[in-house]
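**Student:** Have a look at this one before I ask anything.
2 protein chains.
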Amino acid sequence: MNLSLSKIGEFGLIHRIKRLIRTDNSVVQGIGDDCAVIKFNQREYLLLTCDMLVEGVDFRSQEDPYLIGRKSLAVSMSDIASCGGMPRYALISLGIPKNKKIKFIDGLYKGIRDLAKVYSLNIIGGDISRSEKLVIDVSLIGLVEKNNLVLRSGAKLKDIIMVSAALGGSIKGRHLRFSPRIKEARFLVNSFKLNSMIDISDGLTLDLSHVLEESDKGAVIYQDLIPLSRDCSGLEDALTSGEDFELLFTLSIKEARRLLSVNDSFFPIGHITGKKEGLVLIDRLGNPRKIKVKGYTHF
Amino acid sequence: MNLSLSKIGEFGLIHRIKRLIRTDNSVVQGIGDDCAVIKFNQREYLLLTCDMLVEGVDFRSQEDPYLIGRKSLAVSMSDIASCGGMPRYALISLGIPKNKKIKFIDGLYKGIRDLAKVYSLNIIGGDISRSEKLVIDVSLIGLVEKNNLVLRSGAKLKDIIMVSAALGGSIKGRHLRFSPRIKEARFLVNSFKLNSMIDISDGLTLDLSHVLEESDKGAVIYQDLIPLSRDCSGLEDALTSGEDFELLFTLSIKEARRLLSVNDSFFPIGHITGKKEGLVLIDRLGNPRKIKVKGYTHF
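Top to bottom, those sequences are chains C and A. Following numbering that gives the first Met the number 0, the numbering of the first sequence begins with 0 at its first residue and continues without gaps. Following numbering that gives the first Met the number 0, the numbering of the second sequence begins with 0 at its first residue and continues without gaps.
Below, the structure is given as structure tokens:
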């Protein structure tokens, strides 16, 4: 038997890899969350994450290099945000086609530098190789206070599920221009007790299903509550389209009430249930339907 | 003016990038050494490095996936070694062609896991994307005691230049099977005062020239002293072929004498001179010739 990758899919492959990996007790969280979490000092953990963007998959070659560079850093920042942390250091690996113009690379790095500056992030190194298609891999190191760390695995029964903005239609351009939700995440973890968080990179239902799986829970979400962005083409788009890069988080009813009373920029969309109930959508007429999880996968 | 990459070359590009980067005072060493160095705790620094391997450039697709995986980790370990540190955590980013078989990916990860185990390295995360050619980017985080840190920039006048093994001919297979010189580097930094170190990844003369440039020095090396490996096709090969992944380091005459008296597995090949003297090779007849630095570059 010699299975091809498309048979087990991206997440099947990640499970397959994870199963065989052992780590020592300095690793608080290994493979399977937005960031890896490592013991650092008495007060803080180190957060580590990397994201690879490939020409023709994550961006088109005719795109503005400034926006390509910016996005390559922003997607990793979004992972740091979803663990409640602050980005601190970046390593940039570039695979560059031989015929690329210096002007293109200059633009790419300006996009990276300008976004780094906003968050006082240090670009500390990288690697340059040659490749047929442009490849950018950004590794990001962040810090989070121990009691501010939020993982996918902490969702609790009856938690309220919330998102940080309207969803859908990112493909129309927002995926190249979005601001990673660092400030929003820091506001949340500094003032409220979040039980779980993830960033919506592969689509609302797929990313929510990651939270449910890691937390051994189910969820009910309400069609009427899901905020649709201007660019969104409809419910299905909001549920399944990738690269929104908004925060999806859960917190107790009490904490949710407190949040909603001081800030109206976060949207409750449902609540956490038991595992056996799965993921259920309540439609406009109040009818429940089981959601078959769909979203973006690479294979 | 719109220069292409091949006009300024890999190292021209790195200079161009470095010039515009600013870092804060938590960064001990940014772009321009084998690793970035970050303040960690009272006793240790964090070391960070990443290396991207691309199919068709750094390995051929028909190569054993086990060896490809192994090499992808080994090259980054070699960078940690050359700063005197111990590798601790790895992030693995993979760009995989859609039609790749699971068996291939399993082999690749087994190569990574087996080498990681030898050095008690934790694989803590990564990213998976789709790409036309296989791309592997490994980010490695290591630790080094503050007084064991060795950089490219510390070479001193009259230092002896040494290498950790015979050079050349790596392309015949060693580049896929080499052991990163972690133990050798740890032995050296624990027992001797090294002034500078680098790993030979782009060729002896090119990597030595990096040390000279960062240290503002020149060097004399002796043809008769350069140890040639069994696979080496001659002096030119030993001077310029990449991927030996041996340590190149400098230390005072006194320390070199002490090292040579207890251990015969390191080879002195020359000494450090003033910057204006450049890089000089003394041939078999005792004649000096200025070396035009050559080695592997990607463009």
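Even for Gly, the Cβ is constructed at its ideal location relative to N, Cα and C.
Within this structure, are the beta carbons of A/LEU224 and A/GLY269 separated by less than 8 angstroms?
**Tutor:** Contact: yes.
**Student:** Return the CA-CA distance between C/LEU4 and A/LYS102, expressed in angstroms with no decimal places.
**Tutor:** Each residue's Cα considered, the two are about 9 angstroms apart.
**Student:** Can you tell me whether A/ASN146 is buried or exposed, with buried defined as 16 or more other CB within 10 angstroms of its CB?
**Tutor:** A/ASN146 should be labelled exposed.
**Student:** I need the DSSP call for C/ILE252, collapsed to helix, strand or coil.
**Tutor:** Of the three classes helix, strand and coil, the one that applies to C/ILE252 here is helix, per DSSP.
**Student:** For the pair the segment 60 to 77 of chain A and the segment 108 to 116 of chain A, tell me if three or more CB-CB distances fall below 8 angstroms.
**Tutor:** Because the criterion of three Cβ pairs below 8 angstroms is met, the segment 60 to 77 of chain A and the segment 108 to 116 of chain A touch.
**Student:** Decide yes or no for the touch test of the segment 129 to 145 of chain A against the segment 237 to 248 of chain A: beta carbon pairs closer than 8 angstroms, at least 3 of them.
**Tutor:** Judged by Cβ distances under 8 angstroms, the segment 129 to 145 of chain A makes no contact with the segment 237 to 248 of chain A, as fewer than three pairs qualify.
**Student:** Could you tell me which chain C residues have their CB closer than 9 angstroms to the CB of A/CYS231, listed as they occur along the chain?
**Tutor:** Those do not exist, as A/CYS231 stays about 25 angstroms from chain C at its closest Cβ, beyond 9 angstroms.
**Student:** Might you give, ordered along the chain, the residues of its own chain that have their beta carbon closer than 7 angstroms to the beta carbon of A/ILE252, omitting 5 neighbours on each side?
**Tutor:** Taken in chain order, the residues that qualify are LYS157 and ILE159.
**Student:** Nearest to A/GLU54 by alpha carbon, out of A/GLU131, A/LYS116, A/LYS293 and A/GLU9?
**Tutor:** Out of A/GLU131, A/LYS116, A/LYS293 and A/GLU9, A/GLU131 has the C-alpha closest to the C-alpha of A/GLU54.
**Student:** With a threshold of 8 angstroms on Cβ separation, who are the neighbours of A/GLN274 within its own chain once the five nearest residues in sequence on each side are excluded?
**Tutor:** According to the sequence as given, residue 274 of chain A is Lys; it is not Gln. Only LEU211, ASP215, LYS216 and GLY217 meet the Cβ criterion.
**Student:** The beta strand (DSSP E) with A/THR272 in it runs from where to where?
**Tutor:** A/THR272 -> beta strand (DSSP E) spans 266 to 273.
**Student:** When we look at the beta-carbon of A/GLY172 and count the other beta-carbons within 10 Å, is it buried (16 or more) or exposed?
**Tutor:** It counts as exposed.
**Student:** Within 8 angstroms of any Cβ in chain A, is that where the Cβ of C/HIS14 sits?
**Tutor:** Not closer than 8 angstroms to any Cβ of chain A, the Cβ of C/HIS14 fails to qualify, so no.
**Student:** So, do the segment 79 to 97 of chain A and the segment 39 to 52 of chain A have three or more beta carbon pairs nearer to each other than 8 angstroms?
**Tutor:** Yes, since at least three Cβ pairs between the segment 79 to 97 of chain A and the segment 39 to 52 of chain A fall closer than 8 angstroms, the two stretches touch.
**Student:** Measuring CB atoms only, is the segment 26 to 37 of chain A touching the segment 115 to 134 of chain C, in the sense that at least three cross pairs come out at less than 8 angstroms?
**Tutor:** Judged by Cβ distances under 8 angstroms, the segment 26 to 37 of chain A makes contact with the segment 115 to 134 of chain C, as three or more pairs qualify.
**Student:** Here's the rule: buried if 16 or more other CB atoms are within 10 angstroms of the residue's CB, otherwise exposed. What is A/ASP263?
**Tutor:** Classification of A/ASP263: exposed, given that the 10 Å Cβ count is below 16.
**Student:** Within 8 angstroms (strictly less), CB to CB, does C/LYS145 reach chain A?
**Tutor:** False, the Cβ-Cβ gap to chain A never drops below 8 angstroms.
**Student:** Just confirm the distance between the C-beta atoms of C/PHE266 and C/SER200, as a whole number of angstroms; I'd bet it's less than 8 angstroms.
**Tutor:** About 18 angstroms separates the two Cβ atoms, so there is no contact after all.
**Student:** Looking at the unbroken beta strand (DSSP E) that takes in C/ALA164, where does it start and where does it end?
**Tutor:** Run containing C/ALA164: none; DSSP gives neither H nor E here.
**Student:** Can you list the residues of chain A that C/LYS340 reaches, using a CB-CB cut of under 7 angstroms?
**Tutor:** What is shown of chain C runs 0 to 298, which leaves residue 340 of chain C out entirely.
**Student:** In this structure, how does DSSP classify C/GLN41 when only helix, strand and coil are distinguished?
**Tutor:** It is coil, neither helix nor strand.
**Student:** Would you kindly report the start and end of the unbroken beta strand (DSSP E) that includes A/LYS289?
**Tutor:** 287 to 289 is the extent of the beta strand (DSSP E) around A/LYS289.
**Student:** Note down, one range per segment and in chain order, each beta strand (DSSP E) of at least 3 residues found wholly within the segment 198 to 249 of chain A.
**Tutor:** Correct list: 216 to 221.
**Student:** Apart from the five residues on each side of it in sequence, which residues of its chain come closer than 8 angstroms, Cβ to Cβ, to C/PRO96?
**Tutor:** So the qualifying residues of the chain are ARG129, SER130, GLU131, LYS132 and LEU133.
**Student:** Indicate whether A/GLY294 and A/CYS231 have their beta-carbon atoms separated by less than 8 angstroms.
**Tutor:** Going by C-beta atoms, A/GLY294 is not nearer than 8 angstroms to A/CYS231.
**Student:** Using a C-beta to C-beta distance shorter than 7 angstroms, which residues of chain A count as neighbours of C/LYS208?
**Tutor:** Residue identity check: residue 208 of chain C is Ser in the sequence provided, not Lys. Here the premise fails: no neighbours, minimum Cβ distance about 17 angstroms.
**Student:** For the putative contact between C/TYR65 and C/GLY106, defined by C-beta atoms under 8 angstroms, what is the C-beta separation to the nearest angstrom?
**Tutor:** Yes, they are in contact, since the Cβ atoms of C/TYR65 and C/GLY106 sit about 5 angstroms apart, within 8 angstroms.
**Student:** Starting from A/ALA184, trace the alpha helix (DSSP H) both ways and give me its first and last residue.
**Tutor:** Segment 181 to 190, the alpha helix (DSSP H) holding A/ALA184.
**Student:** Name the chain B residues that come within less than 8 angstroms of C/CYS82, Cβ to Cβ?
**Tutor:** Absence of chain B from the displayed structure is noted, the protein chains being C and A.
**Student:** Could you confirm whether any beta carbon from chain A is found closer than 8 angstroms to the beta carbon of C/ALA255?
**Tutor:** No, because no Cβ of chain A sits closer than 8 angstroms to the Cβ of C/ALA255.
**Student:** Please check the pair C/GLU242 and C/ILE170, which I expect to be a contact at CB under 8 angstroms, by giving their CB distance rounded to whole angstroms.
**Tutor:** Correct: roughly 7 angstroms between the Cβ atoms.
**Student:** How is the alpha helix (DSSP H) around C/ALA115 delimited, first residue to last?
**Tutor:** 101 to 117 is the extent of the alpha helix (DSSP H) around C/ALA115.
**Student:** Please report the distance separating the alpha-carbon of A/ILE181 from that of A/SER190.
**Tutor:** Each residue's Cα considered, the two are about 14 angstroms apart.
**Student:** Let's test the definition: count the other Cβ atoms within 10 Å of the Cβ of C/HIS14 and tell me whether it reaches 16, buried, or not, exposed.
**Tutor:** It is exposed - the Cβ of C/HIS14 has fewer than 16 other Cβ atoms within 10 Å.
**Student:** Counting only Cβ-Cβ distances shorter than 7 angstroms, please list the residues of the segment 194 to 206 of chain C near chain A, keeping chain order.
**Tutor:** Here the close residues number zero.
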